[in-house]
Each structure stands twice: as structure tokens, then as C-alpha cells.
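Quick look at the structure:
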């Protein structure tokens, strides 16, 4: 009898604990009442991020919310590079957010981060002064890397690259100081850039305000189109 009584008592205790646990879960699993946003935000506001997160949290309750699924969904929000998510008492979710750092504009409607990954920026306006890059889908990292390489080459000439374009067939062109377009083409770009540097230091730099575009797609020289002229002036071997 004592053994049966002990077993029955244990079963009753487990039932009570189970019922109590379910009651406690039901009491705790209430709708999410508060969303906390943490992180150093420069370009986007906490209110904007709350508006983006709100649809993900609709109908969710505090204990039943799938934090892994919410984390994956939050990472798809533009301007967010990293997301950390946790529950906080009472009935709150805390988002630790790391903002994307834009380094260039990309194909009009996107920005690039430092690794060349694109993200949409609307409706947040991007910061001013970013270089304007463009290229086929998936070429962001390549175009960004070449922009950095070209910037290093143009800096000693006192030139900044305001735009860089990779055409679908592989040809490159760039814009210097928001004014002068330079046609680089597809091949022999290092040799062509060397000719541009020599011609710029010898003559073109002094006449840069009159230049409309420069075409480097010649084997032994550069072609320059001047404002007011309809045809390019050929400069054999970089001389005028």
C-alpha cells in the first residue's frame, strides 16, 4: 500500500506541476508590449526600424515568438547589417542592430557596403558625396575594388573619380571630378592609364576645364574631345 500510495502521490504531484506549468506559460505568453532598439544609428532612426519590424511582430506573443525566424526576417530589412534579438521582461523584445555603412551608390536605386554588397536605401536618403558606381548584377564587389584601385592612381594627379561604369560587355568608363568622362575600354587598361597620366601631367591638366571626354581606346595615344568641337582631337603618343 505504501508503495502504491507513493506512486499515486508522485503522479498527483506531476499532474499539479504540469497544470501549474501550463497555467504559468499561459499567464506569461502575452502579446508583445514593447520593442527596444539598441545600436549606434547614423542614417536610419529607431522609429523607422520599429515601423519595419512591426509587421514581423504582428500576432506574436512573448514566449511563443520564434526568435530564430524573427532574426532571419529582420536581417532582410534594408540598412541592417547585423541583428541580435532577445526577450526582456516584461513582455518586450530587444533588438541589437548594426547599421549598414554605405561607401558608394550602386545602379541608381542601391548602395554598396564596404564588401561590395548592395542594399536598397529608399525611403532613407543616402549621404551626399558618395561615388556613383554601376555594373551588371553581381559585379558590385568588382566595381568597388576597381574604383579603389583607380582612385589610388588618380589621386597623385589631383583627380577624384565621381562615377565608374562597367558595361555588360566588359568595357569600363569613368568620370573625373564630376566633369570629364574617360573611356577605358576592356583591355590593356594599365597601359592606357599610364598614357592618360603622362598626357595629363604634360598638357591635359592645364586645359582640363576645356575637356569634354577622353578616349583611351587607342594603341599609341589618346583622343580628346574639347568643348565646342564636334570631333575628337587625336593625340599621338600623348602629345598635342
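Residue numbers (the UniProt record's numbering): 1 to 240.
Every residue, glycine too, gets a C-beta built ideally from N, C-alpha and C.
For clarity, every value in this text was computed on a predicted model and none was experimentally measured.
{"Query": "8 Å Cβ cutoff met for residue 136 and residue 105", "Result": "no"}
{"Query": "Three-state secondary structure assigned by DSSP to residue 111", "Result": "strand"}
{"Query": "Rounded distance between the beta-carbons of residue 91 and residue 30, thought under 8 Å", "Result": "5 Å"}
{"Query": "Where the beta strand (DSSP E) through residue 241 begins and ends", "Result": "Nothing can be reported for residue 241: it is not among the residues displayed for the chain, which extend from 1 to 240."}
{"Query": "Straight-line Cα distance separating residue 141 from residue 220", "Result": "31 Å"}
{"Query": "Segments assigned beta strand (DSSP E), at least 3 residues, entirely inside the segment 190-215", "Result": "211-215"}
{"Query": "Inter-stretch contact at 8 Å, needing at least 3 Cβ pairs: the segment 148-164 / the segment 192-202", "Result": "yes"}
{"Query": "Residue range of the unbroken beta strand (DSSP E) whose run includes residue 36", "Result": "34-38"}
{"Query": "Where the beta strand (DSSP E) through residue 133 begins and ends", "Result": "132-134"}
{"Query": "For residue 182, three-class secondary structure by DSSP", "Result": "strand"}
{"Query": "Delimiting residues of the alpha helix (DSSP H) encompassing residue 57", "Result": "46-57"}
{"Query": "Beta carbon of residue 120 nearer than 8 Å to that of residue 78", "Result": "yes"}
{"Query": "Contact under 8 Å by Cβ, residue 161 with residue 118", "Result": "no"}
{"Query": "Counterpart residues of residue 86 in DSSP-defined beta bridges", "Result": "94"}
{"Query": "Residue 125 - DSSP class collapsed to helix/strand/coil", "Result": "coil"}
{"Query": "Beta-carbon contacts of residue 80 that lie in its chain and below 8 Å, excluding the five residues immediately before and after", "Result": "49, 74, 97, 98, 99, 100"}
{"Query": "Rounded C-alpha distance that separates residue 52 from residue 186", "Result": "42 Å"}
{"Query": "Cα-Cα separation between residue 71 and residue 85, rounded to whole angstroms", "Result": "7 Å"}
{"Query": "One or two residues paired with residue 105 in a DSSP bridge", "Result": "111, 132"}
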